[in-house]
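For the record, the sequence lines run as chains R and A. Just so it is clear: in the first sequence, position 73 is 142 by our numbering, and no numbers are missing. Just so it is clear: in the second sequence, position 41 is 372 by our numbering, and no numbers are missing. Just so it is clear, CB atoms sit at the ideal spot from N, CA and C, and this is done for glycine as well. Just below is one structure, and these are the notes that go with it.
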Amino acid sequence: DAGITQSPRHKVTETGTPVTLRCHQTENHRYMYWYRQDPGHGLRLIHYSYGVKDTDKGEVSDGYSVSRSKTEDFLLTLESATSSQTSVYFCATHGPTDTQYFGPGTRLTVL
Amino acid sequence: GNSVTQMEGPVTLSEEAFLTINCTYTATGYPSLFWYVQYPGEGLQLLLKATKADDKGSNKGFEATYRKETTSFHLEKGSVQVSDSAVYFCALSRDTGNQFYFGTGTSLTVIP
């Protein structure tokens with residue numbers, strides 16, 4: 070395991086509210102990723118980071134922003150949550166053996 | 332572009348049955364190929380990987396061979412157990428941006 074934790078693990082929120090999910094890693098991996106997992110879609114990349122303050126968009130980035138002020142922390146923010154953002158969110162890091170390591174996930178429900 | 336296609340599920344097998352989950356890929360150059368497993372309520376875990384053509388990845392009785400001629404990386408296990416019930420994801424990695432491309436996942440249920 071790459072020592073990845075996510076918080077919160079579960080969250081219920083209302084449409085229109087901002088939400089921030091946190092990913093924390095202890096392995097000093099340079100690359101970090103946020104995915105969402107939905108039935109029939111598998112994993113889709115939202116944003117990724119290739120270093121402190123260096124981020125880029127993935128295939129489903131609309132409505133999401135990220136920040137990385139420290140190597141170990143990668144934050145995902147839903148600026149104004151919508152019901153379509155109800156999903157399970159996974160953080161991952163990219164280790165030195167060309168392998169991605171995943172956190173336990175955050176289940177987000179937007180009412 | 333880069334993409335992974337894996338067989339639709341769900342798959343239901345009896346204990347000790349033979350398992351095959353098909354995976355084919357599209358990629359430029361020479362990607363690395365992976366199988367990940369997700370148990371209920373958990374994140375994805377690496378099951379096995381192969382980094383070049385004809386390599387065989389293996390772990391916990393599961394195997395997959397990197398076939399460049401058929402662009403495939405099928406997952407197999409000779410005798411499944413109830414504890415193998417999970418969702419299995421095929422994935423490929425390209426160097427650019429260290430990005431992974433995942434299939435949609437195949438749910439496996441093994442019944443006693």
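For alanine 395 (chain A), the uninterrupted beta strand (DSSP E) segment begins and ends at 393-396. The beta carbons of glutamine 369 (chain A) and glycine 434 (chain A) sit about 12 Å from each other, so the pair does not count as a contact at 8 Å. Not a single C-beta of chain A is nearer than 7 Å to the C-beta of aspartate 107 (chain R). In this structure, the beta-carbon distance from valine 441 (chain A) to valine 418 (chain A) does not fall below 7 Å. When the alpha-carbon of phenylalanine 365 (chain A) is set against those of A:Val335, A:Thr401 and A:Leu344, the nearest one is in A:Val335.
Residue nearest to leucine 379 (chain A) within the set R:Arg78, R:Thr162 and R:Asp167 is R:Asp167 (criterion: CA-CA distance). With its beta carbon at least 7 Å from every one in chain R, glycine 360 (chain A) lies outside the interface.
Within the DSSP secondary-structure output, phenylalanine 143 (chain R) pairs in a beta bridge with R:Cys92. Under the three-state reduction of DSSP output, asparagine 97 (chain R) falls in the coil class, being neither helix nor strand. The count of Cβ pairs closer than 8 Å, one atom from the region 81-89 of chain R and one from the region 134-149 of chain R, reaches three, so the stretches are in contact. Straight-line measurement puts the Cα of glycine 127 (chain R) at about 18 Å from the Cα of glycine 109 (chain R). Unbroken beta strand (DSSP E) stretches of 3 residues or longer found wholly inside the region 93-138 of chain R: 100-107, 111-120 and 123-126, given in chain order.
Beta-bridge pairing by DSSP links tyrosine 361 (chain A) to no other residue. The three-state reading of DSSP puts serine 414 (chain A) in helix, counting H, G and I together. C-alpha of histidine 405 (chain A) to C-alpha of aspartate 125 (chain R): approximately 32 Å in a straight line. Only those residues of the region 120-135 of chain R whose C-beta falls short of 9 Å from the nearest C-beta of chain A are listed: Asp125 and Gly127.
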